[in-house]
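A.B. asks: Heads up: the sequence shown begins at 1 in full-length UniProt numbering, then just goes up one per residue.
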Amino acid sequence: MKLLALVGSKRHGNSIFSSKYIAKKIGAELEIVNLANSKIEPCKACYACIFGEECKIDDDVYEILGKIEESDAILVSSPVYWLDATGKVKLFLDRCFMAYPYLEKFKDKKGAVVYFYGFEELRGWASTTYNVLLRCMGIEPLIVAPIHSPLPGEIFEKVEILDKVAEALESGERYVFNGQCPVCLSESFRYTSAFECAICGSKLNEKLEVVERGERLSYEWMLKHYEELKHFKEKYLQKRGELKKLVEEYVGEGN
């Protein structure tokens with residue numbers, strides 16, 4: 001197995017250590033791409049990649065997607081910074097429109113997340129961002145593993161969690177931690193008349209048991225979503241004159 005680790009921290013610490021340990025545990029050939037050291041520019045939302053054109057931005061994103069294509073399994077290994085994923089990971093996620101042509105190639109790859117936090121009260125929603133990163137590339141995470149480990153090397157005091165990640169990647173079996181959505185492994189929920197998973201949209205009861213299954217950000221949902229996005233261009237061309245008048249009326253300039 002060839003394992004590609006997407007790391008989101010410049011520090012040579014738990015993100016690197018866990019990637020090496022998991023690869024060794026399952027006997028995988030490991031390649032590490034440190035997104036924090038990669039050239040990743042912000043998305044311009046031009047939609048060129050959705051319509052089969054090459055991205056006009058000259059950076060490392062195509063190279064990273066190529067490495068994902070060459071790998072059997074993808075491990076996102078990264079810390080929590082201020083309740084969320086690290087900056088370059090979020091930039092890469094925004095650029096994942098470019099993954100649209102790769103969805104069919106990526107959908108059968110094994111995926112896993114292991115993330116590290118220093119304070120329970122600042123754990124935030126980073127796991128959601130890391131989970132969504134895989135899903136936007138058509139990859140279903142087998143496990144999303146949280147580890148409280150603020151100090152480099154401290155992960156090995158909880159090595160049993162890393163072993164669960166290794167086991168999931170090796171076996172292809174999903175693992176659901178307490179407090180996670182049983183459908184998509186999300187740890188983020190909103191509540192109206194019921195709990196709703198912020199990722200897949202499943203309706204859940206107070207025990208996080210599925211009342212109504214949601215499919216948002218599944219592979220099939222992603223395909224439909226990209227088709228809907230394509231229609232935005234047609235809709236804009238139809239409404240461009242009307243929208244230009246609105247902008248001129250409210251801010252005095254055209255769009």
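Note that CB positions come from ideal geometry on N, CA and C, so glycine has one too.
(1) Along the chain, where does the alpha helix (DSSP H) that runs through ALA45 open and close?
(2) Can you look up CYS55 in the DSSP assignment and give me helix, strand or coil?
(3) Would ALA23 and LEU30 be called neighbours here (beta carbons separated by less than 8 Å)?
(4) If distances are taken between C-alpha atoms only, which option among LYS245, LEU142 and GLU209 comes closest to GLU167?
(5) Taking the beta carbon of PRO42 as the centre, do at least 16 other beta carbons fall within 10 Å, making it buried, or is it exposed?
(6) Given LYS67, which residues of its chain have a CB within under 7 Å of its CB, disregarding the five upstream and five downstream residues?
(7) Along the beta strand (DSSP E) that carries GLU196, what are the first and last residues, could you check?
(8) Where does the unbroken alpha helix (DSSP H) through ARG190 begin, and where does it stop?
(9) Contact between the region 72-84 and the region 115-123: three or more CB pairs below 8 Å?
(10) Roughly how far, in whole angstroms, is the beta-carbon of ILE50 from the beta-carbon of TYR226, given that I think they are within contact range, below 8 Å?
(11) Which residue comes first and which comes last in the alpha helix (DSSP H) that contains SER18?
(12) Just the Cα atoms here: how many angstroms apart are ARG190 and GLU196?
C.D. replies: In short, the structure shows the following:
(1) Looking up residue 45 in the sequence shown gives position 45. It is not in any alpha helix (DSSP H) - ALA45 carries neither H nor E in the DSSP assignment.
(2) Residue mapping note: residue 55 aligns to position 55 of the sequence shown, counting from 1. Reduced to three states, the DSSP call for CYS55 is coil.
(3) In the sequence shown, counting from the first residue as 1, residue 23 sits at position 23. In the sequence shown, counting from the first residue as 1, residue 30 sits at position 30. Yes; because the gap between Cβ atoms is below 8 Å, this pair is in contact.
(4) Residue numbering aside, residue 167 sits at position 167 when the sequence shown is read from its first letter. The residue with the shortest Cα to Cα distance from GLU167 is LEU142.
(5) Taking the sequence shown and counting its residues from 1, one reaches residue 42 at position 42. Exposed, by the Cβ-count rule.
(6) Numbered from its first residue, the sequence shown carries residue 67 at position 67. The beta carbon of LYS67 lies closer than 7 Å to those of LEU4, GLU31 and VAL33 in the same chain, with the five residues before and after it left out.
(7) Working through the sequence shown from its first residue, we reach residue 196 at position 196. Element bounds for GLU196: 195-197.
(8) As a working note, residue 190 is residue 190 in the sequence shown. Here ARG190 belongs to no alpha helix (DSSP H); instead the beta strand (DSSP E) covers 189-191.
(9) yes
(10) Mapped onto the sequence shown, residue 50 falls at position 50. Mapped onto the sequence shown, residue 226 falls at position 226. About 6 Å; that satisfies the 8 Å criterion.
(11) As a first step, residue 18 is located in the sequence shown; it is residue number 18 there, counting from the start. Element bounds for SER18: 14-26.
(12) Walking along the sequence shown from the start, residue 190 turns up at place 190. Walking along the sequence shown from the start, residue 196 turns up at place 196. So the alpha carbons of these two residues sit roughly 5 Å apart.
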